[in-house]
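To start, the structure itself, in structure tokens.
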Amino acid sequence: MNTVPMTIIGAEQLRKELDELKFERRPSITSAIAEARELGDLKENAEYHAAREEQGICEARIRDIEGKLSNAQIIDVTSMPNSGRVIFGTTVTILNVDTDAESTYRIVGDDEANIKENLISVNSPIARGLIGKSVDDEVAITTPGGTAEYEITAVEYI
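Numbering (full-length UniProt numbering), first residue to last: 1 to 158.
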């Protein structure tokens, strides 16, 4: 299987979600199924069918998280010397050459990405365009909105 790049924070968040699913949600679903069985005829029991569907979703998510964690390549950029190059896990500040708008993003794994928190996936067009570049490099990045020129103003290994 392919390895899944992940930051330490992302791995911790997945482990926390896994524990919640296994030790809180799974037992509550099991008790909901037991209660629904007591109501009688299972063919016409909406509570039973809803609980079984929820159980299937929960078990699928547990398998998904366990698979990702077992194939995780956890990368800690804080333990690496800052070479000024953009790599997975770095925090990058870029300046749009046309509009002078400055943005700061952290390049993370797919499961960690959240644009509202300026966390972008390593597979996003912006991250793919930035990986391997250094401070003061100018980069043309093609996004769904068109091509834009950016200058890398800072690269932090935090």
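Glycine is no exception: its CB is placed at the ideal position from the N, C-alpha and C atoms. Keep in mind the model is a prediction, meaning the values are calculated, not measured.
Beta-bridge annotation (DSSP): Tyr105 is paired with Val92. Here Ala51 has Ile29, Ala32, Ile33 and Ala36 as same chain residues with Cβ atoms under 7 angstroms from its own Cβ, once five neighbours each way along the sequence are excluded. Distances from the CA of Thr90 to each of Ala154, Asp136 and Ile62 were compared; the closest alpha carbon is that of Ala154. In summary, Pro5 is buried, with 16 or more beta-carbon neighbours lying within 10 Å of its beta-carbon over all protein chains present. Per DSSP, Ser83 lies in no beta strand (DSSP E) and is assigned neither H nor E.
A direct Cα-Cα distance of roughly 14 angstroms separates Glu102 from Asp136. According to DSSP, residue pairing for Tyr150 in a beta bridge involves Asn96 and Val139. Taking all protein chains shown into account, Glu24 has fewer than 16 neighbouring C-beta atoms within 10 Å of its C-beta and is therefore exposed. For Ser121, the enclosing beta strand (DSSP E) starts and ends at Leu119 to Ser121. In the three-state reduction of the DSSP assignment, Thr7 falls in the strand class. Tyr105 is a Cβ neighbour of Asn118, given a cutoff of 8 angstroms.
In the structure shown, Ala72 falls within a strand segment according to DSSP collapsed to helix, strand and coil.
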